[in-house]
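Here the protein sequences come in this chain order: X and Y.
Be aware that the first sequence starts at 1, since it is given in UniProt numbering, and climbs by one per residue.
Be aware that the second sequence starts at 1, since it is given in UniProt numbering, and climbs by one per residue.
Have a look at the structure below before the remarks.
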Amino acid sequence: MQFGMLRVKELTGGYGAAPVVRSVSFEVEAGTMLGILGPNGSGKSTLLKMMSGLLQADSGTVEIGGRSIAEYSRKAFARQVAVLPQLQADTFSQTAYQTVTLGRYPHQTGLFAGWSDADERAVQKAMDRMGVTEYRDTEIEFMSGGERQRVFVAQALAQEAPVLLLDEPTNHLDIAHQQQLLDTVRRQATENGLTVVSVFHDVNLASLYCDRLLLMDRGEVAAIGTPDEVVDERKMERVYAARVRAGMHPEVPKPQITLLPAKEPEDRQEVIRKADFSVSREYVHLNSRIPMMAVSSAVFGAGAGWYRHFVNRNVGADYSTDDAGTEMRDWLYETGFPLTQTVAMMTAAMTEDAVIGEYGPPDAPIVVCVTAGVGNAVDASLGTDRDAYAGTINTWVIVNGHLPEEALIQGMITATEAKAKAMQTEHVLDPLTGTVATGTSTDSLLIAATQRGNRYPYAGTATELGKAIGRGVFECTAEAIRRYRNRKADFERESR
Amino acid sequence: MKKIRQRKTKQPATAYTVSAAMLLLALWLGVSVGSVKIPFHVLVDPEADEVAANILWNIRMPRVVLAGLVGGSLALAGAAFQGLLKNPLADPYTLGVSSGASVGAVATLFFGIGLFGAYTLPIFSMAGAMAVLLLVIGFARAVDRSLKMETIILTGVIFGSFLGSVLSLMIALTGEELRQIISWLLGSVSMRGWKYVWIILPFLLVGGLLLWLCRRELNAMLFGEERAHHLGVDVRKRKWMILGGGSILTGSAVAVSGTIGFVGLVVPHMTRILWGSDHRHLLPLSFINGASLLVLCDLVARTIISPTELPVGVITSFIGAPVFAFIFYRQRRKGAVRHA
Numbered sequence: 001m002q003f004g005m006l007r008v009k010e011l012t013g014g015y016g017a018a019p020v021v022r023s024v025s026f027e028v029e030a031g032t033m034l035g036i037l038g039p040n041g042s043g044k045s046t047l048l049k050m051m052s053g054l055l056q057a058d059s060g061t062v063e064i065g066g067r068s069i070a071e072y073s074r075k076a077f078a079r080q081v082a083v084l085p086q087l088q089a090d091t092f093s094q095t096a097y098q099t100v101t102l103g104r105y106p107h108q109t110g111l112f113a114g115w116s117d118a119d120e121r122a123v124q125k126a127m128d129r130m131g132v133t134e135y136r137d138t139e140i141e142f143m144s145g146g147e148r149q150r151v152f153v154a155q156a157l158a159q160e161a162p163v164l165l166l167d168e169p170t171n172h173l174d175i176a177h178q179q180q181l182l183d184t185v186r187r188q189a190t191e192n193g194l195t196v197v198s199v200f201h202d203v204n205l206a207s208l209y210c211d212r213l214l215l216m217d218r219g220e221v222a223a224i225g226t227p228d229e230v231v232d233e234r235k236m237e238r239v240y241a242a243r244v245r246a247g248m249h250p251e252v253p254k255p256q257i258t259l260l261p262a263k264e265p266e267d268r269q270e271v272i273r274k275a276d277f278s279v280s281r282e283y284v285h286l287n288s289r290i291p292m293m294a295v296s297s298a299v300f301g302a303g304a305g306w307y308r309h310f311v312n313r314n315v316g317a318d319y320s321t322d323d324a325g326t327e328m329r330d331w332l333y334e335t336g337f338p339l340t341q342t343v344a345m346m347t348a349a350m351t352e353d354a355v356i357g358e359y360g361p362p363d364a365p366i367v368v369c370v371t372a373g374v375g376n377a378v379d380a381s382l383g384t385d386r387d388a389y390a391g392t393i394n395t396w397v398i399v400n401g402h403l404p405e406e407a408l409i410q411g412m413i414t415a416t417e418a419k420a421k422a423m424q425t426e427h428v429l430d431p432l433t434g435t436v437a438t439g440t441s442t443d444s445l446l447i448a449a450t451q452r453g454n455r456y457p458y459a460g461t462a463t464e465l466g467k468a469i470g471r472g473v474f475e476c477t478a479e480a481i482r483r484y485r486n487r488k489a490d491f492e493r494e495s496r
Numbered sequence: 001m002k003k004i005r006q007r008k009t010k011q012p013a014t015a016y017t018v019s020a021a022m023l024l025l026a027l028w029l030g031v032s033v034g035s036v037k038i039p040f041h042v043l044v045d046p047e048a049d050e051v052a053a054n055i056l057w058n059i060r061m062p063r064v065v066l067a068g069l070v071g072g073s074l075a076l077a078g079a080a081f082q083g084l085l086k087n088p089l090a091d092p093y094t095l096g097v098s099s100g101a102s103v104g105a106v107a108t109l110f111f112g113i114g115l116f117g118a119y120t121l122p123i124f125s126m127a128g129a130m131a132v133l134l135l136v137i138g139f140a141r142a143v144d145r146s147l148k149m150e151t152i153i154l155t156g157v158i159f160g161s162f163l164g165s166v167l168s169l170m171i172a173l174t175g176e177e178l179r180q181i182i183s184w185l186l187g188s189v190s191m192r193g194w195k196y197v198w199i200i201l202p203f204l205l206v207g208g209l210l211l212w213l214c215r216r217e218l219n220a221m222l223f224g225e226e227r228a229h230h231l232g233v234d235v236r237k238r239k240w241m242i243l244g245g246g247s248i249l250t251g252s253a254v255a256v257s258g259t260i261g262f263v264g265l266v267v268p269h270m271t272r273i274l275w276g277s278d279h280r281h282l283l284p285l286s287f288i289n290g291a292s293l294l295v296l297c298d299l300v301a302r303t304i305i306s307p308t309e310l311p312v313g314v315i316t317s318f319i320g321a322p323v324f325a326f327i328f329y330r331q332r333r334k335g336a337v338r339h340a
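Written out as structure tokens, the structure is:
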């Protein structure tokens, strides 16, 4: 069996007659990290206590490096397994250095064992790794919680044991210190082959940092496997008896859960209407009283998210910048829009000519808003090389209803098809190829839903919602193109 | 507010030199000062002044040496109890252990037990000390598993008062030995002679050795028993060694000098403030400084209202009780700040 490998077989035990942990078996490969999860009272801390020899198991075995822990003396065991305690207050203060040197206790055997060079080296190395060397002569009483916790990790590392057990190591730490601590522990596992078993309260942290997870439920193993296998909506909801949603972390392919708060009674009054749009020379602005789930290809706030402000800004035909995103951000900030709650598009077309219409059910309509400038109309099917310049069709579809993600995407397809049809009907030609254009080179599209009221599972062209979106986008786009042409014609007449 | 208090690497050599010098000075003051001044040359040349030499070697020296050994024992026991219980207010007196030792000692007089000859008294003292120590810790643990500072001290006070009543009862029932017991109870090292030095010495060596063997374990236990366990300490065995060592020291000290309070509280506290809480140095330094303190206290006790002598326990309580109050105040304030 591998050095540092840990094997738990049929472990049963607890404090009284009824065992808290029942027949738990698992293995941890050397150099990997196992997270133990479970609700309060599921036996995760008790399991860890039995693994660290603090609590005698009723039956079953724990093997470290192939030997049962019962065969080790206390000191020999401490040379194999280090345990990081939860943060605690101490009566008598010691310096960081003194604290870390205690990690060498199991290596000092014999009556007159002195302090060897190996001891000193191990202490220095542990303190360097945890970045606490500068606190060498500081009393831990005067250190912050995070610094103190790092000193104790250094103490555990100074033990130079191949296995490290942790019991909710991030308790009482702020997020920066949680991150620091777990990053370090993770690095010790990956780079130095440390075997880590840690009890976690926080499912998401465990999922981010551990190779494998063990989910405990009422003293038994409910699930064991990779984070993908264990952090599952249904398993979590069953074991924790909580309403959660599971999804992927935005940057790392590890599952994360979020809690769903109890539903408050929905405010039926919150309906977005045509009248909620304000239109001026500078921009079209929709301010929603409630955040809306939006998917868009905007300049600012693109992608999916919850937003309350929707802005379509007129930038004029001579607008030019190296970085439209930053320029837009600055403009939004100066104009007073809350950046985290705003989606913004830009257009060279006159925002005053925006066409806004209500479609579908009158009590909770689908509201469509389109601005169009087709000076650079493009037939997308030909793939012609060209320079992008001003002229844009910006389309907003606001749905008073509840849409799943797939319905939002279907809505985008439907809207795009309707836009292309409007181009065709209005006979907008690609000036380069002379063929009918399908859009312009810089079009943006946004679909936002209030996520309350009517439920729309789909938004394909055969559904009620799809029909309303299709008709709405077609009619508004066609009208916007006509207004654009009229204004252009007026302008040309005047300049003549 | 973040306050960094740095303690530069302490020089144990300095600590030992200063402490030893203080002890030598205390010893010399202890033997020379009094109704008869003893000049220094008598120490090296007894022939020069036979009366002075006689006072020096047969009266003052055994008294001062006994005071030193008792003070050292109590301070050592206090340091060990404080470390084990992580409680800065623990000492043989505040834990009620001294009362237990007294009851054990008085019981041997009361029942006329002479099982172990000259060592009967210290052995029964120790048994009493150990029994009360286990009762106090057991009771306090039953009250509050985390063994809070206040719980242990309150339990010690309760046991101390109860044992005080037991003592009073036994004294009331004896009659003839009354005076002897009362003066002994107040704590004194006067008129004991070399015999008592020989009684306490072997117990001091055994008790001191037991604690010395646990110096590193005491350091580990400052972080709690669970942490000590994880660092590889055989907690159960070490606890018995420390409790046993502390009881032996307390029992033998009480047997030769009665109850002298607060030495075990004040000395480790001061030593810790000056040189840190590393038990490898805290234990020996507490012993040396405990010896100095009690020698000086005894000097004050016998000279301050001369020719009448005060029991030395009066002087130590006079110093110790305010220090107790101060430590208590500081610990509670610290706790309050930490939990705020």
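Glycine is no exception: its CB is placed at the ideal position from the N, C-alpha and C atoms.
Predicted model only: the values in this text are computed from it and were never measured.
For a quick check, are the C-beta atoms of residue i and residue j less than 9 Å apart?
i: valine 199 (chain X); j: aspartate 167 (chain X); result: yes
i: valine 132 (chain Y); j: leucine 109 (chain Y); result: no
i: tyrosine 105 (chain X); j: arginine 236 (chain Y); result: no
i: glycine 164 (chain Y); j: isoleucine 260 (chain Y); result: no
i: glutamate 220 (chain X); j: arginine 455 (chain X); result: no
i: glutamate 10 (chain X); j: threonine 46 (chain X); result: no
i: glycine 316 (chain X); j: alanine 348 (chain X); result: yes
Could you tell me if residue i is buried or exposed, where buried requires 16 or more neighbouring beta carbons within 10 angstroms of its beta carbon?
i: lysine 86 (chain Y); result: buried
i: glutamine 80 (chain X); result: buried
i: lysine 195 (chain Y); result: exposed
i: histidine 41 (chain Y); result: exposed
i: residue 508 (chain X); result: Residue 508 (chain X) is absent from the structure shown; chain X starts at 1 and stops at 496.
i: glutamate 50 (chain Y); result: exposed
i: isoleucine 305 (chain Y); result: exposed
i: proline 122 (chain Y); result: buried
Using the C-alpha atoms, what's the distance from residue j back to residue i?
i: alanine 480 (chain X); j: alanine 437 (chain X); result: 15 Å
i: glycine 35 (chain X); j: valine 163 (chain X); result: 14 Å
i: glycine 38 (chain X); j: glutamate 147 (chain X); result: 28 Å
i: glycine 232 (chain Y); j: methionine 51 (chain X); result: 14 Å
i: glutamine 149 (chain X); j: isoleucine 137 (chain Y); result: 30 Å
i: alanine 156 (chain X); j: leucine 55 (chain X); result: 20 Å
i: alanine 246 (chain X); j: glutamate 233 (chain X); result: 5 Å
i: glutamate 352 (chain X); j: tyrosine 484 (chain X); result: 10 Å
i: alanine 302 (chain X); j: histidine 249 (chain X); result: 18 Å
i: alanine 241 (chain X); j: glycine 13 (chain X); result: 25 Å
i: alanine 344 (chain X); j: glutamate 417 (chain X); result: 23 Å
i: valine 103 (chain Y); j: serine 247 (chain Y); result: 14 Å
i: serine 19 (chain Y); j: glutamine 98 (chain X); result: 22 Å
i: glycine 472 (chain X); j: glycine 411 (chain X); result: 12 Å
Under the three-state reduction of DSSP, which class applies to residue i: helix, strand or coil?
i: phenylalanine 152 (chain X); result: helix
i: isoleucine 257 (chain X); result: strand
i: aspartate 359 (chain X); result: Note on residue identity: the sequence assigns tyrosine, not aspartate, to residue 359 (chain X). It is a strand residue.
i: leucine 6 (chain X); result: strand
i: histidine 201 (chain X); result: coil
i: arginine 482 (chain X); result: helix
i: phenylalanine 26 (chain X); result: strand
i: alanine 344 (chain X); result: strand
i: leucine 339 (chain X); result: helix
i: phenylalanine 326 (chain Y); result: helix
i: alanine 90 (chain Y); result: coil
i: glutamate 139 (chain X); result: strand
Which runs of the beta strand (DSSP E), 3 residues or longer, sit entirely within the segment 417 to 465 of chain X?
444 to 449
Kindly provide the ranges of any beta strand (DSSP E) runs that are 3 or more residues long and lie completely inside the segment 221 to 304 of chain X, ordered along the chain.
244 to 248, 255 to 259, 277 to 279, 283 to 296
Unbroken stretches of the alpha helix (DSSP H), 4 residues or longer, contained in the segment 199 to 253 of chain Y:
215 to 221, 225 to 230
Return the chain-ordered ranges of every alpha helix (DSSP H) run that is complete within the segment 92 to 125 of chain Y and spans a minimum of 4 residues.
97 to 111
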